[in-house]
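Below: one structure, written as structure tokens.
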Amino acid sequence: MASSKLSLYFYLVLFLANGSCVLYRIPQRIVPTFYDLSLTIDPEDNHYTGSVNITLRTSNDTNEIYIHQDGDSIIIGSFLPTSNDSTATLNNNVECKVGAPSVSNVALIQCSRALVKDEDNFLYLEFKGNFSLNDGYGLVKNQYKDEVEQSVLIASNFKPIYARRAFPCLDEPEFKSNFSLRVTHPKNYTALSNGPVVDVSLSESSDYQTTKFATTPEISTYMLSILVSDFQQLKTSPENSLDFKILSRPGVVTSANTSIAETYYHKIIQKLDEYTGVPYQDLGDTGSYLVALPDYSESTGEFGLFTYRESDLLDEGAKTAKRVKQDIVTSMTYKLSHEWYGGDVATKWWSDVWANEAVATYFKYMLTNEIDDSLDLKIQFLLEVTQKALQNDAYPFALALSSHDYSIKDDWSVEQQLYSGGSEKGASILYMINLILGGNEEFQRALQSHFRKREGQPTDGVDILKDLLENKPDYDGMSYYDCLEKWISSPGYPLLTVHLEKSNFTDVATLTQSQFSYPTSDARYKSWWNIPLSSATANNNPSIPHFEAFFRPDDDMEYIFGGGDRLIFNGQTGYFYRVNYDKVLWLRILKGLKTERSSFQELQRAQLIDDIFNIARVGEIDYTMVFQLTEYLVNETEYSPWYSAFNAFDYLLGKMGNEDIETNLKVRTYVLNLMEHLVVISDDKYIQDSDSHVDVLKKVMVLEWACKLGHEECIKYTTGKFDSYKKSRTSLEDYNTRRIVLCNGIRHSNNVNEDWDFLWSVYNSSSTSVHERNDILGALGCAEDRNLLQSYLRKLVIDNSVMNKQYVLTVFKSVFSSSLGLSVSMDFLLDQINAVYRFYNDIHMVSDMLYTVADKLTTYVELTWLDHVLNSAALDDYKVVKMIAKTRAEVNNYWQDNFRSGVTELFGGNSTSTTTEISTTNTEKTNPTTESTGERASLSIFLLFVAVSVILFEETL
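Counted the way mature numbering (1 follows the signal peptide of the UniProt record, and there is no 0) counts, the sequence shown spans residues -21 to -1, 1 to 936.
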């Protein structure tokens, strides 16, 4: 018993270097049940006042209460200059003294008498707070331009650990409570919160009024939402069966369109009711406000008051692009689903926060797909979520989904757990469980059982895995939970390798496994999993990859299949691992792709491409085999295989930039030849009304790549559309391709300064829609002019810039559309990284910039640059950020030193590593994709070599 108490105490405290002891996770002997919170807010000020009466229950006699208070944001107690002590009151008459908050924002309140055990105790506190003016956490003051006037609003952003910046509270996810909120504010503003408004009364000052909200259901502190603004309600159809309101800034009320949100809102709610088995009405008395914010944080508004980027809620009517429609619908599903998972059912500590986000991410695609299967979101889930997660989880710094409670020891470790990519991997694991259980019906029943069991209770990642699998009988003496537990408790995933042992009338394959990881050295990680197997052959290729068996670390497993047949495992990315084959089996797959492509499932082809490129990236297969496989793409017409292929080629081209321009150009020409059959611009309208949703996505992707690779017809088409756009902005017929048209108009401009200024003026026009502005910001980074790009990035650290914080990363990443993007962004970060951090006070923004650049560094000179940047003062307190950026670059460097030659030798380029940058002085205005006759001849020889190799080897099979 003593040892368990010691371990509990261990994760409650953080020992500092000086020997002092700092509480991080507060003791759970005192729990809050109710908050009576009053705030007085004037958005024109930088400060506010408030009081809170917290109902507490205690399991033992104590006069000590631990509470969260960010001392830089709020002050507890009297505000008179003569007051020296922070005071609080317990049960109306017991005086308490509030100690100064620690570095972990925990304050100790000591009362003159003990709390009454097993009864309600009332802790009353008055406080004064400061609005957050730059980093976007706590109660945030946002300034924005509406029409021609500057306006201001106050919005809460408490997730994950920032309610303590707004008011004193027990700010941990397990401490769920009811909240009663009153906000006193100027009459020309409106207050919104999680619950509906129950009363509005004039305050003592005739210029103010007090808005009172219905008491919330039990929620964690980070889910409390507050908005004080001059926003107006947009008109919605009275035919909707569920009452909800859409609000936006006054300047867009008359022009904004909400037809997509109106069409899908009630469908999403009804599907969530049906899928979870928990009716929306049973979640409690919540409001339903959908608010379009001009400056937005991803983590705000997820219970009753749902906040969105304007571009993720407002559409453009008939001008709305297909991808915009998809983003609006999936964003709504993602946000609304948090009422069920995150609100009604929630994880109790940050070590398991992945479960909240994984369910929401899974619903974002899979549940929306059930509402509208024309969006083909199941395919997109496996491409955008699972393939992305497989890449993220292959880095040496990847985190396990569930970590030990004691590993969460400071604010940064909370942030890391929330934003480390766990939502994508977690959602992918949920889809894997779906397949293991037998499909959607079984998965839905298991999820409903989980909701019933955990409703209103704190839970963790272990609980969801156990609940989903509890009705599965043991597998060979081992529970399914034990079989799959490692997928959430360990980082990374396996590489399954298939070897052909015998070849006759029937073939026998054996299996081995290892950990798949992007290397930074010759050392390899060793770990093992119970791998769920699903196989397919040419004669037995089901549309759904059914679970067959587990391949366990100590198994000697043989697979018997038809002689000469192909064998594919996990061919549709349903299970979270990669698969490699020996040479004979790969060539059988290649032969099938070449001669009977349609006999493969579309997602099989996509996953084979994604797997083989990534396996070559770690040196487990030769690039000769990779490019033999990609030859089949000359006949490929479907979206998902090309999505995987373009991602793979983008990686290679990014690593061949300054390192080997000759090979870069040849790879570009090679890709352009493979995709030539897809680039069909037969008339003035590239996208047809009859095109399906995914066909439009494919055409947009193809057009973007064709122009990027220098396809003459593509460039002619898009620059012609840009010229028409300059004459009349209404002349653009297809808004799906607007970003590509604007980008190429700038990239290939004959007067880039004039055209750049023209687009910038359109961006600043009050009549420009939020979607058009997004496209313009992306296009302005396409300029092949160093001065313009440098000036564009400098706008990010100018006080009077018209760009909101939410667009900073859009602008920064847009410059990589230019061939000068890497060098310009490197110069910017070297000079301005400290300024960016001071300006926004947001390490997530700085780290995203760093990671974007680090992913593209390939030379030792660039690694030296990174070392200089990582020594910047802005990163002094963020060792993890430094480590991740350094590791990303080292992964690239290891590939350069060990595997790049496999590509350059195939294309006849320079395989010698260089350490000096290639000068761009004379090439800035040159089309980087121009190819010579000699290059085409070299390519033809290479293609002939590949074809002959395949024929010769096939004859040996």
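The beta carbon of each residue, even a glycine, is placed where N, CA and C say it ideally should be. Just so it is clear, the structure is predicted and the values come from calculations on it, not from any experiment.
Query                                                                                                                                                                        : Result
Since I believe I140 is in contact with residue 937 (beta carbons under 8 Å), could you give me their beta-carbon distance rounded to a whole number of angstroms?           : The requested residue 937 is not part of the displayed model; the chain covers only -21 to 936.
Could you pull out every residue in the same chain whose Cβ sits closer than 6 Å to the Cβ of Y341, ignoring the five residues on either side in sequence?                   : A406, L409
On a CA-only basis, which of I812, S381, P273, T552 is nearest L582? Give me that one, please.                                                                               : T552
Going by beta-carbon coordinates alone, are I666 and N732 separated by less than 8 Å?                                                                                        : no
Which two residues bound the contiguous alpha helix (DSSP H) that contains K677?                                                                                             : 672 to 687
Between which residues of its own chain and W466 is the CB-CB distance below 8 Å, once the five residues before and five after are set aside?                                : L380, I408, M411, Y472, W508, F555
Using the beta-carbon count (16 or more within 10 Å), is V477 buried or exposed?                                                                                             : buried
How about the region 439 to 454 and the region 478 to 487: do they share at least three Cβ pairs that are nearer than 8 Å?                                                   : no
Leaving aside the five residues before and after K96 along the sequence, list all residues of the same chain whose C-beta is less than 8 Å from its C-beta, in chain order.  : T37, S38, N39, D40
First and last residue of the alpha helix (DSSP H) that includes Q89?                                                                                                        : From DSSP, Q89 is part of no alpha helix (DSSP H) but of the beta strand (DSSP E) over 85 to 90.
When you compare the CB positions of F376 and M862, do they come within less than 8 Å of one another, or not?                                                                : yes
Could you tell me the distance, in whole angstroms, from the CA atom of F430 to the CA atom of N157?                                                                         : 20 Å
Can you grab the Cα-Cα spacing for the pair T698 / I568, in whole Å?                                                                                                         : 41 Å
For my contact list, A517 and R545 are in at a C-beta cut-off of 8 Å; report their separation, rounded to the angstrom.                                                      : 5 Å
Determine the DSSP secondary structure at H383, reduced to helix, strand or coil.                                                                                            : coil
In the DSSP output, what is S482 paired with across the bridge?                                                                                                              : D486
Quick test of your reading: G283 and N173, contact by CB under 8 Å. State the CB separation rounded to the nearest angstrom.                                                 : 4 Å
Ordered along the chain, which non-local residues of its own chain (more than five positions away) have a Cβ less than 6 Å from that of K835?                                : G633, L801
What span of residues does the alpha helix (DSSP H) with D589 cover, start to end?                                                                                           : 581 to 596
Taking Cβ positions, are S182 and T163 nearer each other than 8 Å?                                                                                                           : yes
Within 10 angstroms of its Cβ, does N871 collect 16 or more other Cβ (buried), or is it exposed?                                                                             : buried
Report yes or no: do the region 41 to 56 and the region 228 to 246 share at least 3 C-beta pairs separated by less than 8 Å?                                                 : no
What span of residues does the beta strand (DSSP E) with F548 cover, start to end?                                                                                           : 546 to 548
Distance, Cα to Cα, P229 vs S744?                                                                                                                                            : 16 Å
Could you check if A297 is buried or exposed, using at least 16 other CB atoms within 10 Å of its CB as the buried criterion?                                                : exposed
If you follow the alpha helix (DSSP H) that residue 937 is part of, which residue opens it and which one closes it?                                                          : A question about residue 937 goes unanswered here, because the residues of the chain that appear run from -21 up to 936.
Since L87 and E43 are thought to touch, with beta carbons under 8 Å apart, how far apart are those beta carbons, to the nearest angstrom?                                    : 6 Å
Looking at the structure shown, is Y819 part of a helix, part of a strand, or coil, going by DSSP?                                                                           : helix
Leaving aside the five residues before and after K536 along the sequence, list all residues of the same chain whose C-beta is less than 6 Å from its C-beta, in chain order. : It should be noted that the sequence gives Met, not Lys, for residue 536. If we look at M536 and ignore the five residues flanking it on each side, its Cβ neighbours are L490, F530.
For G881, collect the residues of the same chain with a Cβ closer than 8 Å to its Cβ; drop the 5 residues on either side in sequence, then sort them by chain order.         : A595, D601, Y602, T603
With P22 and L132 assumed to form a contact (beta carbons below 8 Å), what rounded beta-carbon distance in angstroms separates them?                                         : 6 Å
Quick one: give me the first and last residue of the alpha helix (DSSP H) that E691 is part of.                                                                              : 691 to 706
Within the continuous alpha helix (DSSP H) that includes A758, where are the two ends?                                                                                       : 749 to 759
By how many angstroms is the C-alpha of L775 removed from the C-alpha of H823?                                                                                               : 15 Å
DSSP has R36 in a bridge; who is on the other side?                                                                                                                          : V10
Kindly identify the DSSP beta-bridge partner or partners of R161.                                                                                                            : S17, K191
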